[in-house]
Structure formats: structure tokens, C-alpha cells
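Numbering (the working numbering), first residue to last: 861 to 1134.
Below: the structure, in C-alpha cells.
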């Protein structure tokens, strides 16, 4: 299990030997071996570290890495093994190089498995569990129909929405005609011919009249569609009678419209409470 310290104590090619440090390192190593034999792995780890502090030999790091592995301190063990593998001054003896590579590979595999397990546990911990629902009494056919209508619009509501869209299209057309007529009015200042001026003026007035017709029709159409939608939402005969709807209540009290002074734009407002 453990590597002998003697090959590492000779020192590197450029490192002078310090007899006192070699003796101290050997003493810590022997005490580490004794602690390992009585399975005091934490004591052995500290002794091998102190031996490395005296003589920075890779063999001490290798033994410390093995003790950290015994203690299941895998991150620490991997760091110690990699330091031993890349030690240059007092490198690992050839028989330990392959063992150190096997140790690094084993630690990487164990850490990868532990990380995957941790992520799986986190995912399971924060995955919401479906809430148990209490059984509900059977509803009558009328209740089912009313409850189904409460979750959305009926044909009346969808019709109102379609009518409102048509009205918005008319208002958009009126806005376009009004803007185009205003642009043509600006161009009249450059017309010098009286005949041409009168013809253009008549066309502009006709276009403005058509735009106003579109605008008023659009406002009325939007108001009609809004009324249909409001009637559909507030109809008491179509709401569930046994229990309130889980969706938000909507109450529309009226519809108003506003037109700009030049009749080129309009606004629609639905008043109510959500």
C-alpha cells in the first residue's frame, strides 16, 4: 500500500542534502506508516505531509494521497496525487509512476460519479410533486355546460371579438385616409393652376368625408363588439351556480370613444374591473 521513503531521500541532482531534514522526514514517515497500520489514516496523512515539508519528495505526496483516499477526501487526494505526478526535483521512482496514474484515474472516475449523483439528488429534490386533488361530486349536465362556459368565451364572445377587429380595421383605414388627405393639403400650396387646385381640393374633401365615415363606422363597430363581449362575460345565466370560477372575474361597465380634432385618429376605452 505505502511506498518506501528511502529512494526520495537522496535529493535531486541540484538539491544539496540536509542531514537533519532527512532524519526528520524519515521519522515522520515511520510514524505515518505506524499510524496507517493501526488504521489512523488522518494521523498518517498529517505525518506524510510533515515529512514532505522536511524533504519535498514525491513519494511522501503519493502516500498522503492514499491516506486522503482512505478518508474519502477525494478532492484532496486528487490534488496530492497530481502534485506527486508532476514533481520534478525529487520525482516518483519508476515503480510508483504507474500506480500514481492509476490512482488519478480512479479518483477522477469516483468524483465524476459523485457529482452525477449529487446533481440527480438536487433535481429530484426540487422537482415539484403533483398535488393530490380531492374527489369532487358528480355535476349535472347543466352544471357541466355552465362550468365549461365559465372557463372561456361562448360563441357570442368570439363574435364580439371578430366584430371589434373589423371596427379596428375601419379605424385604421380612416386614419390612413386622413393622413393622406393632410399630406395632399400641404401639396396644394405648390399648385398654381386654379382648375387643378379646385379638382384636387374636391378630391381631398371627398377623401376626408370617406375617412370620417370609416372612422365613425369603426368606432360604432368596436363598441358593438365590446358590448357583445361584456354581455358574454357578465351573463349570470352562463356562470357556474355551484362554485365560483377559478379564473379572474371581469366586469365591463361601458365603452367610450374619442376622436382627435383633425379627425385623423381615434381611441377606444373599455371601462371595467378585473
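Don't be surprised by glycine CBs; every beta carbon is placed ideally from N, CA and C.
As the structure is a computational prediction, the values presented were derived from the model and not from experiment.
Can you list, in chain order, the residues of its chain whose CB lies under 8 Å from that of residue 1074, leaving out five sequence neighbours each side? 1030, 1031, 1033, 1034, 1037
Spatial neighbours of residue 1068 within its chain, please: C-beta separation below 8 Å, excluding the five flanking residues on both sides. 1037, 1038, 1041, 1123
Relative to the alpha-carbon of residue 908, which residue among 898, 897, 891, 899 has its alpha-carbon at the smallest distance? 891
Could you check whether the region 909–922 touches the region 883–900, counting it as contact only if at least three pairs of C-beta atoms, one from each stretch, sit closer than 8 Å? yes
Please classify residue 880 as buried or exposed, where buried requires at least 16 other C-beta atoms within 10 Å of its C-beta. exposed
Looking at residue 926: is its Cβ nearer than 9 Å to the Cβ of residue 963? yes
Is it the case that the region 976–987 contacts the region 1041–1060, given that we only count it when at least three CB pairs across the two stretches are under 8 Å? no
To which residues of the same chain is residue 928 closer than 8 Å at the C-beta, ignoring the five residues directly before and after it? 905, 934, 936, 937, 940
Between the Cα of residue 1020 and those of 899, 1093, 910, spot the shortest distance and give me the residue it belongs to. 1093
Whole angstroms are fine: how far does the CA of residue 947 sit from the CA of residue 959? 15 Å
Assign residue 1009 to one of three DSSP states: helix, strand, or coil. Low per-residue confidence applies at residue 1009: pLDDT is 49, beneath 50, and the placement is therefore not dependable enough to give any value.
By Cβ distance, which residues of its chain are closer than 7 Å to residue 867, with the 5 residues on each side in sequence left out? For residue 867, the predicted structure reports a pLDDT of 40, less than 50, and the residue's modelled location is therefore unreliable. A value from the coordinates is still provided. If we look at residue 867 and ignore the five residues flanking it on each side, its Cβ neighbours are 919, 953.
When you compare each of 956, 900, 961, 951 to residue 832 by their alpha carbons, which one comes out closest? Past the edges of the chain, shown from 861 to 1134, lies residue 832, and the structure says nothing about it.
Hey, residue 1060 and residue 1047: beta-carbon distance below 9 Å or not? yes
For the candidate residues 922, 949, 1026, whose alpha-carbon lies nearest to that of residue 942? 922
Which of the three DSSP states, helix, strand or coil, is assigned to residue 879? helix
Collapsed DSSP secondary structure at residue 947 in the structure displayed: coil
In chain order, which continuous runs of the alpha helix (DSSP H) of length 4 or greater are located wholly inside the region 1025–1109? 1054–1094
Euclidean distance between Cα positions of residue 878 and residue 975: 44 Å
What span of residues does the alpha helix (DSSP H) with residue 955 cover, start to end? 954–986
Which of the three DSSP states, helix, strand or coil, is assigned to residue 893? helix
Would you kindly work out how many angstroms separate the C-alpha atoms of residue 1082 and residue 1088, rounded to a whole number? 10 Å
Where residue 1014 falls: helix, strand or coil (DSSP): coil
Indicate the three-state DSSP secondary structure (helix, strand or coil) for residue 934 in the structure shown. helix
When the Cα atoms are used, what is the spatial distance from residue 1085 to residue 1072? 20 Å
Exposure of residue 982, with buried meaning 16 or more beta-carbon neighbours within 10 Å: exposed
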